[in-house]
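Undergrad: The opening residue of the sequence shown carries number 20 in this note's numbering; numbering runs sequentially from there. Where a beta carbon is used, it is the ideal one built from N, C-alpha and C, also for glycine.
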Amino acid sequence: MCRILAFHTKDKLNQDIVKAFFSSAEMDPLSKIYGRHDDGWGFVVFLKGNSWKKVYYRSPEPAFEDKVGQTILTSIKGDEMIGIIHARKTSKKFLVGLNHNHPYHLRSSVFDLYFAHNGSVNRKVFGENGKKPYTDSYLILEKIGQKIESGLLPFDSLNEVIKEIGQYSSSLNSGLISFSESKGPTLYVVNYFNQDKIKENTEYYVMYRLGDYVFSSTLLYYLKRSDVEKIKVGSPIEI
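This is how it looks when you write it as structure tokens:
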């Protein structure tokens, strides 16, 4: 299981929330199983000035130890910023390293997709693709891409995939950014977990919103804020 932070904000990142993300990766008091999220991390940030620009970074180092990545992330500024940050913890240690870190990227139709996921999925739901040496998270992104290729828009594709594989997953907490040259970036967030399959306390799987930011519950533990709202469990929302 992993931790995620997604945002659609202006000017610069809220450093208190970013600090809570790094603290959550280093020590997760809500998790009885994982403790820390130290199997690499990554982020993608679209920032707008005169035009849209993109910063895409992934590292096999733990987020809380990667000073280079931290410096890049905290220095990003823009008139408008849309992004996803993800700290990874995996139970399958053969699927670790730079290319297995989120957010993943896939090109589908006119869209560039960037996807980060927290949870696990029974690989049988992917058929023969489930035998590939890819994470279940990347296979989810492939399914989203396939639906876009068939004619659906990114939001509808994400929603359909959640409906199809939800019963086979512990959690599908996710962030998806779709980018096209005509529309720019759009951020979608999903809070979804299967009560019958989760291994931690329910609170561990809850996602919260604080203004321009959506994040995993551990960040709220460190932020100690009360002015937040729970993200409704089920369908994707646009941020």
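Taking the alpha-carbon positions, what's the LYS73 to ASN220 distance?
TA: 36 angstroms
Undergrad: Taking the beta carbon of ARG22 as the centre, do at least 16 other beta carbons fall within 10 Å, making it buried, or is it exposed?
TA: buried
Undergrad: Along the chain, which unbroken stretches of the alpha helix (DSSP H) at least 4 residues long are found entirely within the segment 26–65?
TA: 34–45
Undergrad: Helix or strand or just coil, what does DSSP make of PRO79?
TA: coil
Undergrad: Please state whether DSSP places THR154 in a helix, a strand or coil.
TA: coil
Undergrad: Return the first residue and the last residue of the beta strand (DSSP E) that PHE134 is part of.
TA: 130–137
Undergrad: Within the continuous alpha helix (DSSP H) that includes GLY88, where are the two ends?
TA: 86–94
Undergrad: Residues in the same chain with beta-carbon distance under 6 angstroms from LEU195, minus the five sequence neighbours each way, listed in chain order, please.
TA: PHE134, LEU177, TYR207
Undergrad: Quick one: residues in its chain with C-beta nearer than 7 angstroms to the C-beta of PHE198, no 5 flanking neighbours on either side, listed in chain order?
TA: Taken in chain order, the residues that qualify are PHE65, PHE130, ASP131, PRO204.
Undergrad: Measure the beta-carbon distance from SER42 to TYR241 and round it to whole angstroms, keeping in mind my assumption that it falls under 8 angstroms.
TA: 5 angstroms
Undergrad: Report the option in LYS151, THR28, GLU168 whose CA atom is closest to the CA atom of SER128.
TA: GLU168
Undergrad: Tell me, please, whether the segment 86–104 touches the segment 156–170 by the rule of three or more beta-carbon pairs shorter than 8 angstroms.
TA: no
Undergrad: Taking the alpha-carbon positions, what's the GLU80 to ARG244 distance?
TA: 29 angstroms
Undergrad: For LYS108, is the classification buried or exposed, using 16 other Cβ atoms within 10 angstroms of its Cβ as the cut-off for buried?
TA: buried
Undergrad: Counting pairs of beta carbons, one from the segment 115–126 and one from the segment 47–54, are three or more of them closer than 8 angstroms?
TA: At 8 angstroms Cβ cutoff, the stretches do not touch.
Undergrad: Going by CA-CA distance only, name the one from ALA39, GLU161, LEU171, ILE258 that's closest to ALA106.
TA: ALA39
Undergrad: Going by C-alpha distance, which of LYS151, GLU45, ILE163, SER235 is nearest SER190?
TA: Comparing Cα-Cα distances from SER190 to each of LYS151, GLU45, ILE163, SER235, the minimum goes to SER235.
Undergrad: Is the Cβ-Cβ distance between ILE258 and ALA44 less than 8 angstroms?
TA: no
Undergrad: For GLY61, count the other beta carbons within 10 Å of its own beta carbon; 16 or more makes it buried, fewer makes it exposed. Which is it?
TA: buried
Undergrad: Distance, Cα to Cα, SER47 vs HIS56?
TA: Checking the displayed sequence, the identity of residue 47 turns out to be Asp instead of Ser. In a straight line, the C-alpha of ASP47 is about 8 angstroms away from that of HIS56.
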